[in-house]
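Position in the sequence shown counted from 1, then plus 54, gives you the working numbering.
Below is one structure, written out as structure tokens; comments come after it.
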Amino acid sequence: MLKFVSMRRVVFTFFSLLIYFFVHSQISIESFRLLENDLDARVHSPKRDLNGELAALIKIVTPETGFDFDGGSLSIVSSERKTGEYWLYVPRGARSLTIMHDKLGILRNYAYPLPIEAATVYEMKLVTGSIETKVIAPELKSQWLLITAEPSGALIYLDEQFEGTGALQKKLLPGSYTYRAEAPLYHPQAGKINITAEKKEEIHIQLQPNYGYLEVISFPETGAMVMIDNEDAGFVTNGKSDRLKSGEYTVKVVKEQYSPATGKIAVTDGQTATITLDMAPNFAVVEVELPEDASLFINNEGRGTGTWSGRLSAGVYTFEARKDRHSNARQDVQLLAGDRKKITLDPVPVTGSADVVSNPPKASVSLNGKNYGTTPVTLNNLLIGEYTLTLEKQGFGTVTKKITITSGGSTMISETLPAGMEVTIASDPSGARLEVDGKEQGHTPATLTLGFGTHNIRLTNNSKVVQEAITVTQGGKSSFSYDVSEFHDPFGEQMALVKGGAFTMGCTGEQGSDCDDDEKPA
55 MLKFVSMRRV VFTFFSLLIY FFVHSQISIE SFRLLENDLD ARVHSPKRDL
105 NGELAALIKI VTPETGFDFD GGSLSIVSSE RKTGEYWLYV PRGARSLTIM
155 HDKLGILRNY AYPLPIEAAT VYEMKLVTGS IETKVIAPEL KSQWLLITAE
205 PSGALIYLDE QFEGTGALQK KLLPGSYTYR AEAPLYHPQA GKINITAEKK
255 EEIHIQLQPN YGYLEVISFP ETGAMVMIDN EDAGFVTNGK SDRLKSGEYT
305 VKVVKEQYSP ATGKIAVTDG QTATITLDMA PNFAVVEVEL PEDASLFINN
355 EGRGTGTWSG RLSAGVYTFE ARKDRHSNAR QDVQLLAGDR KKITLDPVPV
405 TGSADVVSNP PKASVSLNGK NYGTTPVTLN NLLIGEYTLT LEKQGFGTVT
455 KKITITSGGS TMISETLPAG MEVTIASDPS GARLEVDGKE QGHTPATLTL
505 GFGTHNIRLT NNSKVVQEAI TVTQGGKSSF SYDVSEFHDP FGEQMALVKG
555 GAFTMGCTGE QGSDCDDDEK PA
């Protein structure tokens, strides 16, 4: 009984294996990955789908032939057999693939583990078996590789394939690999690493600087523009550059009024190289003396008033001093680099003269407030232009007028000083008899010319007489008015003359305390 059961189990197992081999697919997927740097779908061998869009390319790696493929509802654009692989073009957005083989069976509706993008290349590795054996995917032993690099922006390459910046974490099959890290202004660093399945490998790369700094000093002055290999370095002397790649450079310093100075210097890793350049002056030092109130012009460009000193580039210059009512002083000078020149400019006055007479003579003469004696007088060596002339004499009016002195001749000035002026004398009421200095002058109102000085005025209106002394001055009062009305007693004989001190008004002591407020004080 036991022997029969065992035999049945053996037969059952044998037929189960036969069914497994014939029913189950002998196709499996080892890996599916994106080939980032593969340009076959975009550049070298592109194909377009029914919508005119570039198809994705799946490179199916297998040594076997005789496969058919079904992409489902989105279909397949094209399928080509290449050496060791199939090239399967599928539309963007394809989700799954069915792989069919007459002998190996069917792998149905394999779902792509990555989104399928247009014009992108993917790799699918197939593992297949034969009809006689069970398909068992080989176990892949792998290990992690960690690479970190400084500076953080360093580019990392593995087997000359760019992997990223700063750090790389990747699982690799055992074997030998080359690595490299590089960054601008740093020396690249490369090496080889053996990956085994036993332990994770870590590599830290510290790139060494391939740069230095350059300090440029200029003499005898700072602030010169710095040029490195004929390009503006972005700083002036005495200053320091940004990072420069190690090597030899040509340095030039440029400053106005100096000849450029040039030199060569080597910049080494991590160091600051210093170069000092002497600039030869390309200017002359000039001092120009001129009157304080004269304006200086150099090549017709104003440089202020009074004495000036400064630098001028080598060349020919016209120095000119300008002063009002003076002839310009001018000098042309050629200046050479390194010259020290002193130039004196003195504008020449432009003058004229004036003859001044007056009636009466011996009037005091002044021009712009400066006294020039009495008339008649000749005023010599006067600067041309406008003046204020004043003539004055005791007892006469003052004459003030503008005169103009011109060059090359004498200006004649003759003036009569006023002896008096018109004066109007009025009265209220009018018609009073008028006497001036004892002479009858008619009746008011009266306008008459009186000499400058004091005059006695007498006005008579019947019994009313007014006498007054008036003073007539140039620019003074010219109108005088007087009250000559007579006094009329409205009470007639009821009025009596009371002499001062003979009568007390108000509340007196005789009334005692019986006084109103408006009666006080007495």
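Don't be surprised by glycine CBs; every beta carbon is placed ideally from N, CA and C.
None of the values given here were measured: they were computed from a predicted structure.
query                                                                                                                                                                 : result
Which one of Thr465, Gln448, Ser85 has the shortest CA to CA distance from Gly439?                                                                                    : Thr465
Flag this pair as touching only if the segment 350–359 and the segment 292–305 have three or more C-beta atom pairs under 8 Å; answer yes or no.                      : no
Which residue from Gln325, Ser363, Asn354 puts its Cα closest to that of Glu341?                                                                                      : Ser363
Would you please state the rounded distance, in angstroms, between the beta carbons of Leu502 and Val477? I believe it to be under 8 Å.                               : 6 Å
Taking the straight line between their C-alpha atoms, what separation do you get for Pro205 and Gln260?                                                               : 7 Å
Output yes or no for whether 8 Å exceeds the beta carbon distance between Thr322 and Thr304.                                                                          : no
Could you have a look at Ala235 and say whether DSSP puts it in helix, strand or coil?                                                                                : strand
Using DSSP's beta-bridge definition, name the partner residues of Ile524.                                                                                             : His509
Could you check the C-alpha separation between Gly560 and Val526 for me, to the nearest Å?                                                                            : 47 Å
In its own chain, which residues sit with a C-beta less than 7 Å from the C-beta of Asn422, not counting the 5 before and 5 after it?                                 : Tyr441, Thr442
Would you mind sorting Ser295 into buried or exposed? The rule is 16 or more other CB atoms within 10 Å of its CB.                                                    : buried
Can you give me the C-alpha to C-alpha distance between Tyr166 and Tyr176, rounded to a whole angstrom?                                                               : 10 Å
List the DSSP bridge partners of Thr558.                                                                                                                              : Looking at the DSSP assignment, Thr558 forms no beta bridge with any residue, so it has no partner.
Since Thr330 contacts Phe273 with CB under 8 Å, what's their CB separation in whole angstroms?                                                                        : 6 Å
Please check the pair Ala338 and Leu390, which I expect to be a contact at CB under 8 Å, by giving their CB distance rounded to whole angstroms.                      : 6 Å
Please report the distance separating the alpha-carbon of Ala368 from that of Arg394.                                                                                 : 11 Å
Using CA atoms only, rank isn't needed, just tell me which of Trp198, Pro169, Glu256, Asp156 is closest to Thr182.                                                    : Asp156
How many Å lie between Asn516 and Gly451 at the Cα?                                                                                                                   : 37 Å
By Cβ distance below 8 Å, which residues in the same chain neighbour Gly449 in space, the five residues on each side in sequence not counted?                         : Ala473, Gly505, Phe506, Gly507
For Arg96, which three-state DSSP category applies?                                                                                                                   : helix
I'd like the ranges of any beta strand (DSSP E) spanning at least 3 consecutive residues and lying wholly in the segment 216–277.                                     : 221–226, 229–236, 243–249, 255–260, 265–273
Verify whether the separation of the beta carbon atoms of Val115 and Leu180 is less than 8 Å.                                                                         : yes
Assess, as a yes-or-no matter, whether the segment 93–108 is touched by the segment 137–152 under the definition of 3 or more beta carbon pairs within less than 8 Å. : yes
Touch check for the segment 479–491 and the segment 452–461: three-plus C-beta pairs under 8 Å?                                                                       : no
In its own chain, which residues sit with a C-beta less than 7 Å from the C-beta of Asp332, not counting the 5 before and 5 after it?                                 : Phe273, Ala315
According to DSSP, is Gly126 helix, strand or coil?                                                                                                                   : helix
Going by DSSP, which residues form a beta bridge with Gln197?                                                                                                         : Leu226
If you run the structure through DSSP and keep just helix, strand and coil, what is Asn353?                                                                           : coil
Cβ of Arg234 within 8 Å of Cβ of Tyr265?                                                                                                                              : no
Among all the DSSP beta bridges, which residues are the ones paired with Thr359?                                                                                      : Ser349
Between Glu547 and the rest of its own chain, which residues show a CB-CB distance below 6 Å, the 5 nearest in sequence each way excluded?                            : Residue confidence for Glu547 is low, a pLDDT of 48 falling below 50, so the modelled location carries little weight; the figure read from the coordinates is stated next. Cβ neighbours of Glu547 beyond the five flanking positions: none.
Could you tell me if Ser481 is buried or exposed, where buried requires 16 or more neighbouring beta carbons within 10 angstroms of its beta carbon?                  : buried
Apply the 10 Å Cβ neighbour rule to Glu374 and answer buried if 16 or more other Cβ atoms are within range, or exposed otherwise.                                     : buried
Judging by CA-CA distance, which residue of Ser412, Met475, Ile467, Ile479 is the nearest neighbour of Lys447?                                                        : Ser412
When the Cα atoms are used, what is the spatial distance from Asp286 to Met279?                                                                                       : 8 Å
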